[in-house]
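So the protein sequences, as listed, match chains P and D.
For the first sequence, counting from 1, position 70 maps to 70 in my numbering; every step adds exactly one.
Residues are numbered in my numbering as their position in the second sequence, beginning at 1, plus a constant of 1000.
Where is the CB? At the ideal position from N, CA and C, for every residue including glycine.
Below is one structure, written out as structure tokens; the observations come after it.
There are 2 protein chains.
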Amino acid sequence: MIMALDPGNILKAHDLKHTRQRVRVLEEISHGQSAVSQPELEKKLGKEIDRVTLYRILNAYEEKGIVHKIMDANGTANYAICSSACTAHNHHDEHVHFNCTNCNKIFCLELTIPEIKMPEGFKAKTVSFTAYGLCNKCNKEK
Amino acid sequence: MIMALDPGNILKAHDLKHTRQRVRVLEEISHGQSAVSQPELEKKLGKEIDRVTLYRILNAYEEKGIVHKIMDANGTANYAICSSACTAHNHHDEHVHFNCTNCNKIFCLELTIPEIKMPEGFKAKTVSFTAYGLCNKCNKEK
DNA sequence: TTCATAAATGCAATTTAGTTGCAAATATAC
DNA sequence: GTATATTTGCAACTAAATTGCATTTATGAA
């Protein structure tokens, strides 16, 4: 069943009004193979969308479970489209991320994070696993 | 062999001059059981050390492998003393971190991160594993 | 102990990230 | 087409982080 990424559907499904700005943000986030950083988005969309609006849209998307937010090694926010399994209240983002230390891009890998038993008293609700190194492209170029 | 944390030794061993400011930062980072956030450090040391100097000291420590930097869920930097196995060029920080979503503290757990096979072309140099949830203290209080 | 020098610090100014309040614009449902 | 609640853009603000430069300080040699 292929029915990927119709912005209109995604927005309607999450009770968000269909606006030019929201569609543009969805497009930018979804059209690559890696996550997009907040600065990249701002640079790309800064002329068409106000900075503040961008922040608000990204927050709304994250709360609704439309995108997930990944912090890179510098503390910069990156955004990627969630798999269809994500919903606002059951946000399954438990796959491995790869953060390239050269181009700084973040990739969502199709690998599940292994379970780890926490020490007495500590209760893990979610986990994150990030590998740092060179991505396929940067590896070739060196 | 117990010979822990003599700031003088640590600094000399890494070719860093012994200054009042550097010693104070080392003290603050090492005297707790959890990592210390940049804002905490600034609050604690702001009267004795200039903000900029604090940033520079923390960066130097990280580069030398004296401390390791852990980003919490908000993109805030946290610092913890490295185990003795860390050096500037072989920075072994491959244990699991626990980030409490209530008090926001970060704990270094004595758990090794399981190995994961990367996809073709991706070469991981280091990995990070962070669990989010309630720490032992916050669990009790609820 | 004094002195020279390279390194570290503090300060001022700047850049970048993120937030808040409010008025104007606009998507949707009737 | 119109009413209304939502969204957007703007201005102003707070906080985080960086840069350049003058001053101070740690260290090693005389």
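In chain order, what residues of the same chain lie with their CB nearer than 7 Å to the CB of residue 1014 of chain D, ignoring the 5 residues before and after it? In the second sequence, residue 1014 of chain D corresponds to position 14, counting from 1. Closer than 7 Å at the Cβ level, and outside the excluded window around residue 1014 of chain D, lie 1064, 1066.
Which complete alpha helix (DSSP H) runs does the region 46-106 of chain P hold, if anything under 4 residues is left out? 51-64
Same chain only: Cβ atoms within 8 Å of residue 88 of chain P, ignoring 5 sequence neighbours per side: Within the first sequence, the letter at position 88 stands for residue 88 of chain P. Any reading at residue 88 of chain P must be qualified, since the residue scores a pLDDT of 47, below 50, and its modelled position is unreliable; the value itself is stated next. Excluding residues within five positions, the ones whose Cβ falls inside 8 Å are 14, 63, 64, 65.
From the DSSP output, which residues share a beta bridge with residue 19 of chain P? As a first step, residue 19 of chain P is located in the first sequence; it is residue number 19 there, counting from the start. None; residue 19 of chain P has no bridge partner.
Secondary structure of residue 135 of chain P, DSSP reduced to three states: The count along the first sequence starts at 1 and reaches residue 135 of chain P at position 135. Note: residue 135 of chain P maps to coil in three-state DSSP.
Contact with chain P by residue 1116 of chain D, beta-carbon distance below 8 Å: Within the second sequence, the letter at position 116 stands for residue 1116 of chain D. Yes, its Cβ sits closer than 8 Å to a Cβ of chain P.
Does the contact criterion of 3 or more C-beta pairs under 8 Å hold for the region 1047-1059 of chain D versus the region 1020-1037 of chain D? yes
Under the criterion of a Cβ to heavy atom distance below 7 Å, does residue 1120 of chain D qualify as lining the ligand GTP? The ligand GTP is not among the ligands present in this structure, which contains no ligands whatsoever.
Start and end residues, alpha helix (DSSP H) containing residue 13 of chain P: Walking along the first sequence from the start, residue 13 of chain P turns up at place 13. Looking at the DSSP string, the run of the alpha helix (DSSP H) that includes residue 13 of chain P is 7-13.
Just to confirm, is the Cβ distance from residue 1096 of chain D to residue 1054 of chain D under 8 Å? Counting from one through the second sequence, the residue named residue 1096 of chain D turns up at place 96. Counting from one through the second sequence, the residue named residue 1054 of chain D turns up at place 54. No.
Proximity test, Cβ basis, 8 Å: residue 65 of chain P and chain D: The count along the first sequence starts at 1 and reaches residue 65 of chain P at position 65. By this cut-off, residue 65 of chain P is not an interface position.
At the level of alpha carbons, what is the spacing between residue 1011 of chain D and residue 1082 of chain D? As a working note, residue 1011 of chain D is residue 11 in the second sequence. As a working note, residue 1082 of chain D is residue 82 in the second sequence. Rounded to the nearest angstrom, the two C-alpha atoms are 13 Å apart.
Proximity below 8 Å, CB of residue 1077 of chain D to CB of residue 1071 of chain D: What you label residue 1077 of chain D is simply residue 77 of the second sequence in a count that begins at 1. What you label residue 1071 of chain D is simply residue 71 of the second sequence in a count that begins at 1. Closer than 8 Å, so yes.
Please state whether DSSP places residue 128 of chain P in a helix, a strand or coil. By one-based count along the first sequence, residue 128 of chain P stands at place 128. Residue 128 of chain P falls in the strand class under three-state DSSP.
Check whether the Cβ of residue 121 of chain P lies closer than 8 Å to any Cβ atom in chain D. In the first sequence, the residue the question calls residue 121 of chain P occupies position 121. Closer than 8 Å: yes.
Please confirm if residue 1132 of chain D has its CB atom under 8 Å from at least one CB of chain P. For the purposes of this step, residue 1132 of chain D is taken as residue 132 along the second sequence, with counting starting at 1. By this cut-off, residue 1132 of chain D is an interface position.
Span separating the alpha-carbon of residue 139 of chain P from that of residue 132 of chain P: Taking the first residue of the first sequence as position 1, residue 139 of chain P is located at position 139. Taking the first residue of the first sequence as position 1, residue 132 of chain P is located at position 132. For residue 139 of chain P and residue 132 of chain P, the distance between alpha carbons rounds to 13 Å.
From residue 1128 of chain D to residue 59 of chain P, what distance separates their C-alpha atoms? Stepping through the second sequence from its first residue, residue 1128 of chain D is reached at position 128. Stepping through the first sequence from its first residue, residue 59 of chain P is reached at position 59. So the alpha carbons of these two residues sit roughly 25 Å apart.
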